[in-house]
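*Asks:* The listed protein sequences derive, respectively, from chains V and B. Per the working numbering, residue 1 is the first one in the first sequence, and the count goes up by one each step. Per the working numbering, residue 1001 is the first one in the second sequence, and the count goes up by one each step. We put the beta carbon where it would ideally sit given N, CA and C, even for glycine. Treat the numbers as computed from the prediction; the structure is a model and nothing was measured. I am attaching a structure below and will ask some questions about it afterwards.
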Amino acid sequence: MGEEGVKLYGNILSPFVLRVEWALQLKGIKYEYVNEDLSNKSPQLLQYNPVHKMVPVLVHNGRPIAESAVIVEYIDEAWSDFYPLLPSNPYQKATTRFWAKFVEEKCLHGSFDVLSRVGEEQLQAVKEMQESLKTLEGHLEENKFFGGETIGFVDIIAGWMPSWLGMIEEIIGIKIINEEDLPLISAWIKDFLDHNLVKETMPPQEKVMAHMRAIRENVLSAMSA
Amino acid sequence: MAGDQELKLLGSWASPFVIRARIALNLKGVGYEFLEEGLGTKSELLLKSNPVYKQIPVLIHNGKPICESMIIVQYIDEVWAAAGPSILPSDPYDRAIARFWAVYIDDKWFPLLWKIIIAKADDEETAEAAEQVIAGLQLLEEAFEKCSKGKDFFGGKSVGCIDIALGCYFGWVKAAEKMAGVKLLDKEKIPLLMGWAERFCSADAVKELMPEVDKLIEHGKMVRARLNAAATN
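Laid out in structure tokens, this is it:
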């Protein structure tokens, strides 16, 4: 193919794309960002990710990688000289991967349940989300970030939560994160949103809000159809 | 590293996830104590070692627990790197491809197979799930061609990450076929995978671990009955 360099196929509404951008920027890697219109996907995207046809896709020297968490681990291994994202000790690495998976399975899916349900079922989803966050808080311990003093792999994987959960709270009119119940998660959210990289890469909140409202509308109308 | 190490694996003979961990340990020639958890019961040790999910497998290495099958497999590969063939490839790009397919297999493909296993008789969704499982196997057939590069396994000369991720499910695929009366494995459609499956099941590190399909069917029926009973309560 003869293509050199790093390209990232993405979309500003996708929190999964943001994960990859954080990883690239923490490592100081130069890349070309290709914006995808998800209602009209480019032939390149379909060629590079034929299985899922989704963003993000990282193309490094002409070779594509899909799945945000897989891409972030790839970035850590391919550019291993600077800013490690995962610990090198195998046990700590396994623990890191475990909590990243927990965030994906419990918190991400849980947040979708909160956004897409109504009434009693929604309240139940909120309660489960709070329990998941409480469990996750245990892993944070007294550290500023999950990665310690600096942002690491779990912070990157969980990094959608600070802004997205806030927006979900606003849309559904229910508070999910109470500072008294989740003091460490609340502090982490503040520190994460305060980080220069996060501030610089934050997508326009009104656009993301509109997108999330649309998701909720679509699910609710499908349910009553 | 090697030598006196306390290594326990909490698991069950029927769980494909547990089989993954055991294959990895076999590939590295590492001895361990296998503690069988009965169906429907959870030991004190399991609850203590995996308080988040309370599920098998759990590898306990010198008292420290590691959970989630593919995380355990990678851990074993890293700790006993020198002891046996590499389970994950050494090149970062090939590793990313291996991880991509492991995620696909677990997150997209297996839930469809599971649907077939636990479906009640004459469930309309079974036929659709079967079609999707077959379509997934087609994708995996193409992936096998690319990854194996003409060799015996996804991992090349020896059993690797994708082999372990997919191969552990093959007994259950056959069980699902009998339980639901659907054909999932078609030699015409997936000739490479069928050849691979035979080689995988007879590989030294694997052969004694794969349960008999009839036993899996029996076990599957019990799991299905318990799930359906719980759902109606």
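Find the residues of chain V that neighbour Val1103(B), judging by a C-beta separation of less than 9 Å, and give them in chain order.
*Replies:* Here residue 1103(B) is taken as the residue at index 103 of the second sequence, counted from 1. In chain order: Glu67, Ala69, Val70.
*Asks:* Have a look at Gly1181(B), Ala1230(B), Thr1232(B) and flag the residue whose alpha-carbon is nearest the alpha-carbon of Leu1116(B).
*Replies:* Against the second sequence, residue 1116(B) aligns to sequence position 116. One detail in the question is off: residue 1116(B) reads as Ile in this sequence, not Leu. Out of Gly1181(B), Ala1230(B), Thr1232(B), Gly1181(B) has the C-alpha closest to the C-alpha of Ile1116(B).
*Asks:* Do Ile1071(B) and Ile1164(B) have their C-beta atoms closer together than 7 Å?
*Replies:* What you label residue 1071(B) is simply residue 71 of the second sequence in a count that begins at 1. What you label residue 1164(B) is simply residue 164 of the second sequence in a count that begins at 1. No, these two residues do not count as a Cβ contact at 7 Å.
*Asks:* Which residues in the same chain as His211(V) place their Cβ atom closer than 8 Å to its Cβ, once the five residues preceding and following it in sequence are excluded?
*Replies:* As a working note, residue 211(V) is residue 211 in the first sequence. Cβ within range, chain order: Leu13.
*Asks:* Under three-state DSSP, which class holds Met1001(B)?
*Replies:* Taking the second sequence and counting its residues from 1, the one referred to as residue 1001(B) is at position 1. Only weak support is given to the placement of Met1001(B): the predicted model assigns it a pLDDT of 46, under 50, and the value that follows is read from those uncertain coordinates. Note: Met1001(B) maps to coil in three-state DSSP.
*Asks:* For Ala1002(B), collect the residues of the same chain with a Cβ closer than 6 Å to its Cβ; drop the 5 residues on either side in sequence, then sort them by chain order.
*Replies:* On the second sequence, residue 1002(B) is found 2 positions in, with the first residue counted as 1. In this prediction, Ala1002(B) has a pLDDT of 49, which is less than 50 and means its spatial position is unreliable; nothing more can be read from the coordinates.
*Asks:* Leu997(B) to Thr95(V), Cα distance in whole Å?
*Replies:* Any question about residue 997(B) goes unanswered here, given that chain B covers just 1001 to 1233.
*Asks:* Excluding sequence positions up to five away, which residues of its chain have a Cβ less than 8 Å from the Cβ of Lys197(V)?
*Replies:* In the first sequence, the residue the question calls residue 197(V) occupies position 197. It should be pointed out that residue 197(V) corresponds to Leu in this sequence rather than to Lys. So the qualifying residues of the chain are Trp22, Gln25, Leu26, Ile151.
*Asks:* Flag Glu1068(B) as yes if its beta-carbon sits less than 7 Å from any beta-carbon of chain V, otherwise no.
*Replies:* The count along the second sequence starts at 1 and reaches residue 1068(B) at position 68. At least one chain V Cβ lies under 7 Å of Glu1068(B).
*Asks:* Entirely within the segment 8-47 of chain V and at least 3 residues each: give me those beta strand (DSSP E) ranges in chain order.
*Replies:* Taking only runs of at least 3 residues, the beta strand (DSSP E) segments lying wholly in the segment 8-47 of chain V are 32-35.
*Asks:* Let me check one thing: in DSSP terms, what residues is His60(V) bridge-paired to?
*Replies:* Here residue 60(V) refers to the residue found at position 60 when the first sequence is read from its first residue. Partner(s): Val6(V), Arg63(V).
*Asks:* Between the C-alpha atoms of Leu140(V) and Pro1191(B), what's the straight-line distance to the nearest angstrom?
*Replies:* Within the first sequence, residue 140(V) is the residue found at index 140, counting from 1. Within the second sequence, residue 1191(B) is the residue found at index 191, counting from 1. Taking the straight line joining both Cα atoms gives about 48 Å.
*Asks:* Looking only at its chain, what residues have a beta carbon closer than 8 Å to the beta carbon of Val1223(B), apart from the 5 residues adjacent to it on each side?
*Replies:* The residue you call residue 1223(B) lines up with position 223 of the second sequence. Leu1039, Ile1117, Ile1118, listed in sequence order.
*Asks:* Starting from the beta carbon of Lys1064(B), find every residue of chain V whose beta carbon is closer than 7 Å, and list them in chain order.
*Replies:* The residue you call residue 1064(B) lines up with position 64 of the second sequence. Result: Tyr91.
*Asks:* Name the two residues that bound the continuous beta strand (DSSP E) containing Gly1084(B).
*Replies:* Taking the second sequence and counting its residues from 1, the one referred to as residue 1084(B) is at position 84. Premise fails: Gly1084(B) is in no beta strand (DSSP E) and is neither H nor E.
*Asks:* Contact criterion: CB-CB distance below 7 Å. Does Arg1022(B) meet it with respect to chain V?
*Replies:* Within the second sequence, residue 1022(B) is the residue found at index 22, counting from 1. No - not a single Cβ of chain V is within 7 Å of the one on Arg1022(B).
*Asks:* Can you name the start and end residues of the beta strand (DSSP E) that Gly110(V) belongs to?
*Replies:* Here residue 110(V) refers to the residue found at position 110 when the first sequence is read from its first residue. Taken as a continuous stretch (DSSP letters only), Gly110(V) belongs to no beta strand (DSSP E), being part of the alpha helix (DSSP H) at 109-116.
*Asks:* Considering only the beta carbon of each residue, do Phe1096(B) and Tyr83(V) sit closer than 7 Å?
*Replies:* Residue numbering aside, residue 1096(B) sits at position 96 when the second sequence is read from its first letter. Residue numbering aside, residue 83(V) sits at position 83 when the first sequence is read from its first letter. What sits at residue 1096(B) in the sequence shown is Ala, not Phe. Not a contact, by the Cβ cut-off of 7 Å.
*Asks:* Relative to the alpha-carbon of Gly62(V), which residue among Tyr31(V), Glu170(V), Leu85(V) has its alpha-carbon at the smallest distance?
*Replies:* Working through the first sequence from its first residue, we reach residue 62(V) at position 62. Answer by Cα proximity: Tyr31(V).
*Asks:* Roughly how many angstroms separate the alpha carbons of Glu1145(B) and Leu165(V), rounded to a whole number?
*Replies:* For the purposes of this step, residue 1145(B) is taken as residue 145 along the second sequence, with counting starting at 1. For the purposes of this step, residue 165(V) is taken as residue 165 along the first sequence, with counting starting at 1. Those two C-alpha atoms are separated by around 42 Å.
*Asks:* By DSSP, does Ile1066(B) sit in helix, in strand, or in coil?
*Replies:* Walking along the second sequence from the start, residue 1066(B) turns up at place 66. DSSP places Ile1066(B) in strand when its eight states are reduced to three.
*Asks:* To the nearest angstrom, report how far apart Tyr1169(B) and Glu180(V) are at their CA atoms.
*Replies:* Taking the second sequence and counting its residues from 1, the one referred to as residue 1169(B) is at position 169. Taking the first sequence and counting its residues from 1, the one referred to as residue 180(V) is at position 180. One C-alpha to the other measures close to 45 Å.
*Asks:* For Gly1156(B), which three-state DSSP category applies?
*Replies:* What you label residue 1156(B) is simply residue 156 of the second sequence in a count that begins at 1. It is a strand residue.
*Asks:* Nearest to Leu182(V) by CA position, among Leu133(V), Glu36(V), Leu193(V), Val57(V), is which residue?
*Replies:* Taking the first sequence and counting its residues from 1, the one referred to as residue 182(V) is at position 182. Of Leu133(V), Glu36(V), Leu193(V), Val57(V), the residue nearest in Cα terms is Leu133(V).
*Asks:* How about Ile1071(B): is its C-beta nearer than 7 Å to some C-beta of chain V?
*Replies:* Here the question's residue 1071(B) lines up with position 71 in the second sequence. For Ile1071(B), the answer is yes, since a Cβ of chain V falls inside 7 Å of its Cβ.
*Asks:* On the DSSP bridge assignment, give the partners of Leu1007(B) in chain order.
*Replies:* By one-based count along the second sequence, residue 1007(B) stands at place 7. DSSP, once it has assigned bridges, lists His1061(B) as partnering Leu1007(B).
*Asks:* Starting from Pro1085(B), find everything on chain V with Cβ-Cβ shorter than 7 Å and list it in chain order.
*Replies:* Counting from 1 along the second sequence, the entry for residue 1085(B) is found at position 85. By Cβ distance, chain V contributes nothing, its closest Cβ being about 18 Å from Pro1085(B), past 7 Å.
*Asks:* Would you report the Cα separation of Tyr9(V) and Lys41(V), rounded to the nearest angstrom?
*Replies:* The sequence position of residue 9(V) within the first sequence is 9, counting from 1. The sequence position of residue 41(V) within the first sequence is 41, counting from 1. Taking the straight line joining both Cα atoms gives about 10 Å.
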